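Residue numbers (the working numbering): 7 to 444.
Yeah, the Cβ is synthetic: ideal placement off N, Cα and C, and Gly gets one too.
Keep in mind that this is a model prediction, so the values were computed, not measured.
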Amino acid sequence: MATETETQQTAPVARLELEGRVYELPIVVGSEGEKAIDISRLRELTGYITLDDGYANTGSCTSAITFIDGEKGILRYRGYPIEELAEKSTFIETAWLLIYGELPTRAQLQRFSDLLTENQDLHEDLKHHFEGFPATAHPMAILSSMINASSCFYPGLMGPANRERFDVHAARLISQVRTIAAFAYRKSRGLPIIYPRKKYKYTANFLHMLFSDVYEDYPLRPEVVRALDLIFLLHADHEQNCSTSTVRMVASSQANLFASAAAGVCALWGPLHGGANQAVIEMLEEIHASGGDGRELIEAVKSKKGGRRLMGFGHRVYKNYDPRARIIKKACDDLLQALQLHDPLLDIARRLEEAALNDPYFIERKLYPNVDFYSGIIMRAIGLPKEMFPVIFAIGRMPGWIANFREILFAPKAKIYRPRQIYTGSTVRHYVPIEQRG
7 MATETETQQT
17 APVARLELEG
27 RVYELPIVVG
37 SEGEKAIDIS
47 RLRELTGYIT
57 LDDGYANTGS
67 CTSAITFIDG
77 EKGILRYRGY
87 PIEELAEKST
97 FIETAWLLIY
107 GELPTRAQLQ
117 RFSDLLTENQ
127 DLHEDLKHHF
137 EGFPATAHPM
147 AILSSMINAS
157 SCFYPGLMGP
167 ANRERFDVHA
177 ARLISQVRTI
187 AAFAYRKSRG
197 LPIIYPRKKY
207 KYTANFLHML
217 FSDVYEDYPL
227 RPEVVRALDL
237 IFLLHADHEQ
247 NCSTSTVRMV
257 ASSQANLFAS
267 AAAGVCALWG
277 PLHGGANQAV
287 IEMLEEIHAS
297 GGDGRELIEA
307 VKSKKGGRRL
317 MGFGHRVYKN
327 YDPRARIIKK
337 ACDDLLQALQ
347 LHDPLLDIAR
357 RLEEAALNDP
367 YFIERKLYPN
377 VDFYSGIIMR
387 AIGLPKEMFP
397 VIFAIGRMPG
407 WIANFREILF
417 APKAKIYRPR
427 QIYTGSTVRH
437 YVPIEQRG
């Protein structure tokens, strides 16, 4: 008969040998079988820390929001495949799913939609802040500043966290971010501000605020509304990327929701993150202006000539075809066909994709199109200028940021984020009076 010790299952551990001693570190297994070594007590036990420049191998948290399998090209929001949500859901329904963890009932979705409508107008005093920006201000600068300033008008943000306040402030942020974005666009064009209308749903209202004029409403075509709504949905969350991790880090200090989201906007502004689709369009425009078809660029990338890069290809996580890219490519084709538009940049993009997917150089390096490769062409077709591309990304990503903020807010044992470092500066030195410094 087996003893109790023999029958008892032992938790999996990793063994680390340091300076003649062996330490056992717990293995954490996620719901999809992901494995991680829990090093939360490493410094306490050994005096060592780990060094992982860029955090490529570091899990900063556990999260129940989004799952990615980069090797297989899988993306799921709260367990739901992105392909199903893109086909059957809407951005607002998906926003609820991300924030609250389940698909909403009809009543919940209606209440959420009502909250968005009730909270879509900016406080009138914010106009003074808005009017101070020059016409040349980048929309992302306006967006981050206005979101931060908005917290001044909602003192409840700074009070004790409770579910009712969170629901209202989350809806207010999702709703007002598109109002701020539309105002920023209008200001950059020297156009009068167009206010939101209660009769329009979320994405249609945003298009109305962008493109209507004082005398005539913008004609809302269902194909355009659906294409932009899909872009929002596909960008709604993507695990612990740069901007989402920034939101979580700021939230861990117990900063309010608006301050945390404003920090996310600033992180997203960088060209390596939210500006990637703009870089794709600029690359395609350069090829078109030179009369080329992309073959010269392909060869330059392979030979590493002039530091050229094939923008919109490759991903830090995906080593397969980005599932969002497949969806957005079809959406791009459908929209241009519906609008009877011919964009030469789409032809160039298709040729580049075909050439790269059949070239051993790109195949061996697992460089496939990502979501940025075709999204800019859709935004061009809608009529959005390049400087608005990262703003569209920010609007779409807002539900994911809020969902991650909520995980921090309601976590029973949330800690402030405090990474460590390996110091490589000077050893101890002593102050030298300025007269003796030569």
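Local Cβ density within 10 Å of residue i, reported as buried at 16 or more and exposed below that
i	result
threonine 430	exposed
leucine 182	Leucine is not the amino acid found at residue 182; the sequence shown has glutamine there. It counts as buried.
glutamate 441	exposed
serine 309	exposed
tyrosine 374	buried
glutamate 23	exposed
arginine 426	exposed
threonine 96	buried
aspartate 58	exposed
valine 220	exposed
Spatial distance of residue i from residue j (CA atoms)
i	j	result
tyrosine 224	isoleucine 293	33 Å
glycine 446	glutamate 130	The first residue shown for the chain is 7 and the last is 444, placing residue 446 beyond what the model contains.
isoleucine 180	arginine 301	42 Å
histidine 348	lysine 336	15 Å
aspartate 75	alanine 177	30 Å
histidine 279	aspartate 235	20 Å
lysine 174	glutamate 245	With the sequence shown as reference, residue 174 is identified as valine, and lysine is not the correct amino acid for it. Cα to Cα, the separation comes out at about 24 Å.
valine 434	glycine 60	28 Å
threonine 13	proline 32	With a pLDDT of only 37 at threonine 13, under the threshold of 50, the placement of this residue in the model should not be trusted; the figure read from the coordinates follows. Whole-angstrom Cα-Cα distance: 20 Å.
proline 87	alanine 17	31 Å
alanine 70	serine 37	9 Å
alanine 210	valine 231	6 Å
glutamate 288	arginine 386	12 Å
isoleucine 414	methionine 317	34 Å
proline 418	isoleucine 369	45 Å
threonine 123	alanine 113	15 Å
aspartate 365	glutamine 343	29 Å
glutamine 284	glutamate 393	8 Å
arginine 443	isoleucine 428	29 Å
Proximal residues to residue i (C-beta, below 7 Å), its chain only, five neighbours per side dropped
i	result
leucine 290	Leu351, Ile354 and Ala355
serine 251	Ser66
Residues bridged to residue i (per DSSP)
i	result
valine 28	Glu23
tyrosine 86	Tyr83
phenylalanine 416	None; phenylalanine 416 has no bridge partner.
phenylalanine 319	Pro375
threonine 72	Tyr83
isoleucine 33	Ile43
Other residues of its chain near residue i: CB distance less than 6 Å, five sequence neighbours each side excluded
i	result
glycine 298	none
tyrosine 367	Lys308
cysteine 272	Ser150
serine 281	Residue identity differs from the one stated: residue 281 is glycine in this sequence, not serine. Correct list, in chain order: Pro396.
leucine 121	Ala177
Evaluate contact between the stretch 137-154 and the stretch 177-189, counting only Cβ atoms and requiring at least three cross-stretch pairs below 8 Å.
yes
Meets three-Cβ-pair contact criterion under 8 Å: the stretch 373-380 and the stretch 408-418:
no
Pairs of beta-carbons, one from the stretch 252-264 and one from the stretch 353-366, closer than 8 Å: are there three or more?
no
Flag this pair as touching only if the stretch 228-248 and the stretch 84-93 have three or more C-beta atom pairs under 8 Å; answer yes or no.
yes
Pairs of beta-carbons, one from the stretch 193-209 and one from the stretch 131-148, closer than 8 Å: are there three or more?
Touching, yes, given that three or more Cβ pairs across the two stretches are closer than 8 Å.
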